[in-house]
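Take 190 as the starting number for the sequence shown in the working numbering and just add one per residue.
Data block below; observations after.
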Amino acid sequence: MSATRQTPPWQAPKLIEDKKWKLHLYNSMTRRKEEFIPAKRVVSWYSCGPTVYDHAHMGHARSYISFDILRRVMQDYFNYPIFFVQNVTDIDDKIIKRARINYLYGEYKKEQRSPDTIAGDVIEALKLHQIRLAASDPDKHRMLMDQLNKVNIFASALQSIRQNSSSTPEQLQDAALELVVAAEPVLGEWLDKEKGSTVTDNSLFLNLPRHFEKEYNQDMEKLNVLPPDVVTRVSEYVPEIIAFVEKIIENGFAYASNGSVYFDVAKFDAEPNQYYAKLVPEAYGNQAALQEGEGDLSVGADRLSEKRSPNDFALWKNSKPGEPAWPSPWGNGRPGWHIECSAMAGEVLGSQVDIHSGGVDLKFPHHDNELAQSEAHYKCSQWITYFLHTGHLHIDGCKMSKSLKNFITIGDALKQHSASQLRVAFLLHHWKDTLDYSSNTMEGARQYLKMVTEFMLSSKDVIRRCGPSSTIWQAPEKTLNAAYDRTR
């Protein structure tokens, strides 16, 4: 990582129409508030949508409610017409792996296996689990340890029944099946490693994201989040993505290697008026973050050997056995994660976008890679004018992460709190700052909402009881109206 790189200069837009009320937004591009000036009359806004491989969680709610509030304020108060585009990532390493694991684990449960066979399989699966434990960061290590402890409890129970001469075959089989259920995440990883390449039914890779996309849309409707004007699914834009990659190669900033295509970070960064890692320059060369951005299925030694530099990232990946594939000039493959957003945003919004939004965890490498790809494609120095990032959501003081299995789904949250209470909880905190989702946070939101509701009801009651008022504006009315104008 680099400690000396600095955020590059930002190009302020030219003022087209001078508005009476000026809006200032916190811009991640400059790390400060900037006056908002759209390039055209209609504001172009691209929002990173969900990767649909699991239930939507409260981190999603925090981002999409926060941006929904900003969007409504800009439209309804500042009178900006907004064209809002949001993607759905339905081709991704996480989706591929989850679909394979769900299928393989489901088939494993259906098969009639003896308790001895199950015990042996769990032992083999735990060998892989120990390797994952050794290579994990502290948060993930705790999650993996919890999984290990759970497996050990049920494995010990099975062993005790096996050693008890009075145990019945039914008791032994029941204990073995309980172990299979308890060891689901451990067995799933092992089954995918052993048999993932044999999964060839492409419908599995389509059905999983369609299911969770539908559930996500239902969650957003319950939260009263405005739908996008345009939804772009990666699976529906593969030809456009291929054309986008071809243009980057033509411009000299990408290269094909073994059926894949990689972005040449060093060449782009050396170009005059170009800069890699604009949002988080200090993260340049952060290999852990870069590998996470490449995806679990794309970080092996074989993939790394295809790159000119470890900093380069995949625009197009040659598909291995057990992965969906589309024909391309470089062979059958699939898009890289970062190029998907660049190509879809460019296809709908063009070579310049006013606002791009997403969670803070997407800053590097995802959004920095998006900027580099698009600026290499369009040969421009500033593709996005304003970048908005919502802060992290913590659960009772701990970082929430879907990969760490410590997330609260939107569905579960709505069983305890109303959509209005969740909105108020987010409104009481700045959208770019970390928010701790806890009982204290929600109690504060409930009390605030109760106060506002009671105030509005009391106001309506006073108006109803007082009857029609005088239409003559006198000093008190003038003073109140002046204060209202200043507040606006």
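Here a beta-carbon is modelled for each residue, glycine too, at the ideal position from N, C-alpha and C.
Looking at residue j and residue i, is the spacing between their C-beta atoms short of 9 angstroms?
i, j, result
"residue 423", "residue 235", "no"
"residue 550", "residue 465", "no"
"residue 242", "residue 201", "no"
"residue 308", "residue 376", "no"
"residue 484", "residue 519", "no"
"residue 441", "residue 456", "yes"
"residue 284", "residue 232", "no"
"residue 412", "residue 261", "no"
"residue 346", "residue 372", "no"
"residue 420", "residue 275", "yes"
"residue 277", "residue 311", "no"
"residue 254", "residue 615", "yes"
"residue 553", "residue 488", "no"
"residue 443", "residue 450", "yes"
"residue 281", "residue 240", "yes"
"residue 575", "residue 214", "yes"
"residue 610", "residue 634", "yes"
Identify whether residue i lies in helix, strand or coil by the three-state DSSP scheme.
i, result
"residue 221", "strand"
"residue 496", "coil"
"residue 254", "helix"
"residue 244", "coil"
"residue 349", "helix"
"residue 238", "coil"
"residue 331", "helix"
"residue 382", "helix"
"residue 668", "helix"
"residue 366", "helix"
"residue 311", "helix"
"residue 628", "helix"
"residue 320", "helix"
"residue 214", "strand"
"residue 542", "strand"
"residue 267", "coil"
"residue 642", "helix"
"residue 193", "coil"
"residue 598", "strand"
"residue 652", "helix"
"residue 562", "helix"
"residue 466", "coil"
"residue 474", "coil"
"residue 337", "helix"
"residue 291", "helix"
"residue 262", "helix"
"residue 360", "helix"
"residue 531", "helix"
"residue 414", "coil"
"residue 391", "coil"
"residue 302", "coil"
"residue 609", "helix"
Let me confirm a value: residue i is counted as buried when at least 16 other C-beta atoms fall within 10 Å, else exposed. Which label applies?
i, result
"residue 547", "buried"
"residue 439", "exposed"
"residue 500", "buried"
"residue 301", "exposed"
"residue 562", "buried"
"residue 651", "exposed"
"residue 453", "buried"
"residue 531", "buried"
"residue 577", "buried"
"residue 596", "buried"
"residue 670", "exposed"
"residue 640", "exposed"
"residue 490", "exposed"
"residue 544", "buried"
"residue 661", "exposed"
"residue 524", "buried"
"residue 299", "exposed"
"residue 344", "buried"
Per the DSSP calculation, residue i is bridged to which residue(s)?
i, result
"residue 579", "548"
"residue 455", "Beta-bridge pairing links residue 455 to no other residue."
"residue 676", "Answer is none; residue 676 lacks a bridge partner."
"residue 522", "507, 515"
"residue 275", "236, 420"
"residue 445", "450"
"residue 587", "584"
"residue 573", "542"
"residue 502", "452"
How do the region 246-256 and the region 401-417 stand: do at least 3 beta-carbon pairs fall below 8 angstroms, yes or no?
yes
Using a Cβ distance threshold of 8 angstroms, determine whether the region 579-588 contacts the region 205-216, with at least three qualifying pairs required.
no
Given 8 angstroms as the limit, is there contact between the region 353-372 and the region 321-330, that is, 3 or more CB pairs closer than that? no
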